[in-house]
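Residue numbers (my numbering), protein chains in the order written: chain A, 8 to 287; chain B, 142 to 491. Beta carbons are placed, not taken as given, at the ideal position from N, Cα and C, and that holds for glycine. Structure first, commentary second.
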């Protein structure tokens, strides 16, 4: 076989169009991530479900059993725990993973040098992190059923809305994770978590319904600046049975609008920061 | 796609410049060169010379500030995907995917590049065998030595049959054995017709592996030629080292006080200096190898280097003409290091 034969043969291997090449590369990167996720599934679930488990147990079971909270509290708590899980799991996984990768392991290089736009590599990371968050969020339901027993009450007629809310929240978490992983050096990340994530969680209406905050008006207004509030309230309206709880809440249109706007904003800036970080 | 089948240069670079946003000077400052198809091309220079930035621009990871670069017929500024399809990169630092096993690192890399499943399995098998990784192909890389990781990265870069292979300081931090192994592999690739661009600050590596070398410093190319031609650029392109022993009787008789103004050693030195083509002669304080050589002196001749044979003969003649005994005579070629010092005034490692 001559060299020109080899060259010709070599070129037949290549997809004809750039779009085709990029598509095949993206599919291969997804399948790589699926393989790695499958292998790490046990540790992934332990990592993401330990906190929801103990939250449900203490706040949903123990405190209501000893009479500190009303039994109804667990009903409004569960949507918050689901929101917390699907938001935070992808956020943490993506930001730490990416921070580590861009700072020193550079394992991402091989994918950056694959024949696809580098922003697509970042987008794939967001989608996969969101999918893993969604998976973890799904596991919260059987966990809650097991921990809460008879206090487990979730309406089933809004399941489409619930899945939509979970998906939107997890992609938002992943997109914010992308921003954090690209703009902060890995060494600062745990500090950033304390400064940004802790306030975000405690002002995000995860552990209390927004409508009940009417008595502390200034705080109720403050929570409106946190996208997690909309995620929690959206989750509540899709999960809490009508007969149990119908206080004042945020309109679904507002919930979807704010979540979508936050997603577009964080995703666009995350992709921009990512591009700037990997292409010098 | 058609451009690559034409017999054009593998790489063409014209006045390529990179200035980083916070940089006060250009990291790469207007370099131009062309790499022929099948050639092994070296970028030799100290750390910070701009080698890695140059490779970064040619591999689409660094955006050029100005200038033009064509890799395998594709413009790096306008067609990142096209360039990435045609190149393989072995980076300076290990960046292997630690979540995957060795064989998977190879097959997934090929999958990213659109190599069909059957081909990537076969190719991974071949490369694993070729690079001596059979026993560890099912392992993850955590416990691998630097040399083994380097082999995996070389195998990975070859999985999609790139037209041009970039190796950025590939043997940096490798043990001597791994270094030799990699050199052997690189030469085998060259023999197979792969175009290779190699950056290094190791003169021996550049000298042994490269068909042509660009010597870089402060973002510029100072010289570009074959290793032999580059070494001939050193003023006094030929060096001759010789050791001679002056006539015994005279040196022993002379005490330091009544040493004649021209000692036998000085006369040898003077005779050597008068030889045609010789530009400089240095006395060397060579350590004597045994008692017999106690009175021997070492000399180093720099000559224009047109005809080393004649120089050898006439130098021997000159020594014998002074009744000294010639103990050793050999040609010493100037090294790339000599050239680098000549061009920049500083040592390559400093």
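Contact between residue 296 of chain B and residue 247 of chain B holds: CB atoms are separated by about 6 Å, below the 8 Å threshold.
Within chain B, no C-beta atom comes less than 7 Å from the C-beta of residue 101 of chain A; the nearest is roughly 15 Å away. Distance from residue 241 of chain A to residue 172 of chain A at the Cβ level is roughly 4 Å; contact confirmed, criterion being Cβ atoms closer than 8 Å. Under the Cβ criterion (8 Å, minimum of three pairs), the stretch 92-103 of chain A does not count as touching the stretch 69-80 of chain A. The continuous alpha helix (DSSP H) containing residue 116 of chain A extends over residues 116-119. In this structure residue 329 of chain B is exposed. Its beta-carbon is surrounded by fewer than 16 other beta-carbon atoms within 10 angstroms. Looking at the backbone, the Cα of residue 69 of chain A and that of residue 271 of chain A are separated by about 40 Å. What residue 43 of chain A touches in chain B, judged by beta-carbon distance under 8 Å, is 240 and 241, going in chain order. The Cβ atoms of residue 341 of chain B and residue 183 of chain B sit closer than 8 Å to each other. By the Cβ test, the stretch 275-292 of chain B is not in contact with the stretch 202-217 of chain B, since fewer than three Cβ pairs between them sit closer than 8 Å. Around the Cβ of residue 72 of chain A, a 10 Å sphere holds fewer than 16 other Cβ atoms; the residue is exposed. Against chain A, a Cβ distance below 8 Å from residue 204 of chain B picks out 286 and 287. Cβ contact annotation for residue 155 of chain A (same chain, cutoff 7 Å, sequence separation greater than five): 63, 67, 68 and 81, in chain order.
Counting only residues of its own chain and dropping the five nearest sequence neighbours on each side, residue 39 of chain A has no CB closer than 6 Å to any other CB.
In the DSSP assignment, residue 473 of chain B is bridged to B/380. Counting of Cβ neighbours within 10 angstroms places residue 61 of chain A among the exposed residues, the total staying below 16.
Neighbours of residue 252 of chain B in chain A, taken as residues at a C-beta separation under 7 Å, are given in chain order as 35.
The residue from B/240, B/158 and B/227 with its alpha-carbon nearest to that of residue 205 of chain B is B/158. Distance from residue 97 of chain A to residue 137 of chain A at the Cβ level is roughly 5 Å; contact confirmed, criterion being Cβ atoms closer than 8 Å.
Per DSSP, residue 196 of chain B is one residue of the alpha helix (DSSP H) stretching across 192-199. Neighbours of residue 222 of chain B across chain A, judged by C-beta separation under 8 Å: 25, 28, 29, 122, 123 and 124. Comparing C-alpha distances from residue 217 of chain B to each of B/333, B/302 and B/151 shows the shortest one belongs to B/151.
Counting along the chain, no beta strand (DSSP E) covers residue 223 of chain A, and no H or E run does either. Closer than 8 Å to the CB of residue 117 of chain A there is at least one CB belonging to chain B. For residue 75 of chain A, there is no enclosing alpha helix (DSSP H), since its DSSP letter is neither H nor E. Under the Cβ criterion of 8 Å, residue 224 of chain A is not counted among the residues facing chain B. In the three-state reduction of the DSSP assignment, residue 367 of chain B falls in the coil class, being assigned neither a helical nor a strand state. Buried is the label assigned to residue 217 of chain A, since at least 16 other Cβ atoms lie within 10 Å of its Cβ. Close partners of residue 234 of chain B in chain A (Cβ separation under 8 Å): 113. Pairing residue 282 of chain A with residue 200 of chain B, the inter-Cα distance amounts to about 15 Å. By the Cβ criterion, the stretch 353-365 of chain B is not in contact with the stretch 318-326 of chain B, since fewer than three pairs of Cβ atoms, one from each stretch, lie closer than 8 Å. Contact with chain B is found for residue 39 of chain A, since one of that chain's Cβ atoms lies less than 8 Å from the residue's Cβ. In the pairwise beta carbon analysis, the stretch 464-474 of chain B is classified as not touching the stretch 359-366 of chain B: fewer than three pairs are separated by under 8 Å. Using a Cβ-Cβ cut-off of 8 Å, residue 32 of chain A counts as an interface residue toward chain B, since at least one Cβ of chain B sits closer than that to its own. Only 161 from the stretch 160-176 of chain B bring a Cβ to less than 7 Å from some Cβ of chain A. Taking the Cβ atoms as the reference, residue 143 of chain A lies roughly 4 Å from residue 55 of chain A, within the contact range of under 8 Å.
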